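Student:
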Amino acid sequence: MKTLIYLVIIITLKILLTKGLSLVFLLFSFALKGKELCKDEIKWNDYFMKLSKNFVVKYAICIYLLATTNEIHFG
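Here it is, written out as structure tokens:
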């Protein structure tokens with residue numbers, strides 16, 4: 022029974038961390054793009070309207086893979 026509880030806790034933490042890291046990476050990329058576009062609404066509208074479906078899918082996959090990577094190497 023203890024093992025099952027630990028398993029549920031680990032799975033829940035993994036899901037929360039993945040969602041949290043995905044959100045952090047998404048917000049960070051929007052912050053970088055915001056600096057490039059100088060917070061101009063018209064430029065943002067043009068940027069979003071010109072995005073291709075293929076780019077959005079690849080971008081989402083990259084964000085997910087970055088968030089689910091378990092290993093962090095320092096040095």
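Each residue of the sequence shown is one higher than the last, beginning at 22 in our numbering. Glycine included, every Cβ here is placed at the ideal spot set by N, Cα and C. What you are looking at is a predicted structure, and each value in this text was computed from that prediction instead of being measured.
Do you know how far the Cα of I30 is from the Cα of T89?
Tutor: Using only the alpha carbons, I get a separation of about 17 angstroms.
Student: What is the C-beta distance between Y80 and S43, in whole angstroms, given that I count them as a contact (C-beta under 8 angstroms)?
Tutor: Going by Cβ atoms, the distance from Y80 to S43 rounds to 11 angstroms, so no, they are not a contact pair.
Student: Does DSSP put V78 in a helix, a strand or coil?
Tutor: Looking at V78 - three-state DSSP - the assignment turns out to be helix.
Student: Check S73 in the structure and name its three-state DSSP category.
Tutor: Here S73 sits in coil by DSSP.
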